[in-house]
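Each residue of the sequence shown is one higher than the last, beginning at 18 in the working numbering.
One structure is given below, encoded as structure tokens.
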Amino acid sequence: MALQHLSVGEIVVILPAATAVFRRHKIDFCCKGDARLASVAEGRGLDLAAIEAELHALESPGVHAPAEVPDLIAHIIERYHKVHRREFPTVIEMARRVESVHQARAECPRGLADLLSRMFEDLEDHQHKEEAVLFPAMISGVGPVLRHPIGRMMQDHAELGELLAFMADLTDDFVPPDDACATWRALYAGCSKLDADLREHVHLENNILFRRFL
Ligand SMILES: [Fe+2]
Ligand SMILES: [Fe+2]
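What follows is the structure in structure tokens.
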């Protein structure tokens with residue numbers, strides 16, 4: 018199959034394990050899922066043939082997406098909304114510790130704790146709207162009237178995507194200094210996990226769930 022003509026969002030739907038390949042190449046498959054693979058590669062100067070070869074080599078299933086809307090929504094809440102709520106406070110706490118202990122070092126991720134706090138606050142507000150209003154409406158079967166609220170949720174997702182890019186910059190793409198302490202390492206591993214989970218979460222909503230109502 019010629020993957021280059023498909024959008025990156027479509028590729029992740031048919032080949033869920035592609036999320037790992039796209040994250041490695043910093044290709045945004047969740048908020049900018051409509052872009053075709055060939056144009057993304059051209060715009061970024063990436064080796065299209067090499068990326069296609071990596072995608073064709075994928076076999077293992079990646080992001081799990083149940084077929085029915087109520088099951089998909091239940092999965093999104095259990096696997097992503099609840100997991101973000103559990104993990105963000107720990108990562109924010111570690112960021113505060115690292116920033117205060119290592120403030121004199123050039124590699125110190127200054128502003129990371131505040132950035133994570135803002136992300137978590139925005140996300141809580143966003144997830145609450147999905148859980149209280151949008152998802153129940155989807156389950157009850159109202160269709161076209163959801164275009165506007167879905168558009169607002171997708172706008173939130175795009176803003177989250179910008180904050181994720183900022184987090185990757187602050188943490189040097191989640192690579193701690195060679196001599197970093199255990200907390201610093203755990204912090205960057207936690208940030209990388211948040212990044213992966215948030216991108217999968219947004220992908221399931223933008224490219225699979227929301228499309229059924231647009
Ligand atoms: Fe969500
Ligand atoms: Fe969302």
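Quick reminder that beta carbons are idealized off the backbone N, C-alpha and C, glycines included.
Residue nearest to residue i in terms of C-alpha spacing, selected from the options
| i | options | result |
| --- | --- | --- |
| ARG103 | LEU211, LEU221, ARG228 | LEU211 |
| ARG135 | ALA154, MET184, THR36 | MET184 |
| GLU124 | ARG40, ARG41, PRO193, LEU215 | PRO193 |
| ARG41 | ALA67, ALA199, ASP195 | ALA67 |
| ALA37 | PHE230, ARG216, HIS145, ARG228 | ARG216 |
| ASP196 | VAL29, MET111, ARG122 | ARG122 |
| ARG127 | ILE44, ARG113, GLU95 | ARG113 |
| ARG33 | ASP131, PRO83, GLU148 | With the sequence shown as reference, residue 33 is identified as Pro, and Arg is not the correct amino acid for it. The shortest C-alpha separation from PRO33 is found at PRO83. |
| ARG229 | GLU138, VAL159, TYR205 | VAL159 |
| ALA213 | PRO153, SER24, LYS43 | LYS43 |
| HIS165 | HIS81, GLU95, LEU231, LEU75 | LEU231 |
| LEU180 | ASP131, PHE152, ALA149 | ASP131 |
| ASP190 | LEU204, ALA199, SER157 | LEU204 |
| ALA70 | ALA149, ALA19, SER24 | ALA19 |
| LEU4 | GLU141, LEU65, ASP88 | A query on residue 4 cannot be resolved here, the shown segment of the chain reaching from 18 to 231 and no further. |
| GLY168 | SER157, GLU147, PRO153, ALA182 | GLU147 |
| ALA182 | CYS198, ALA199, SER209 | SER209 |
CB of residue i within 9 Å of CB of residue j, strictly
| i | j | result |
| --- | --- | --- |
| GLN21 | ARG53 | yes |
| LEU226 | ILE93 | yes |
| LEU63 | PHE105 | no |
| HIS218 | HIS73 | no |
| PHE46 | ALA58 | no |
| TRP201 | HIS119 | yes |
| MET170 | VAL86 | no |
| PHE39 | VAL30 | no |
| CYS48 | LEU177 | yes |
| HIS174 | ASN223 | yes |
| PHE137 | HIS101 | yes |
Assigned exposure category for residue i - 16 Cβ within 10 Å defines buried
| i | result |
| --- | --- |
| ILE90 | buried |
| GLN172 | exposed |
| GLY50 | buried |
| GLU95 | exposed |
Closer than 9 Å to chain D by CB, residue i
| i | result |
| --- | --- |
| CYS47 | The structure shown contains no chain D; it holds only a single protein chain. |
Distance between beta carbons of residue j and residue i, contact taken as under 8 Å
| i | j | result |
| --- | --- | --- |
| GLY207 | THR107 | 7 Å |
| LEU129 | GLU116 | 6 Å |
What residues come near ligand 2, if near means a beta carbon less than 6 Å from any of its heavy atoms?
Going along the chain, the residues that qualify are HIS143, GLU147, MET170, HIS174, GLU222.
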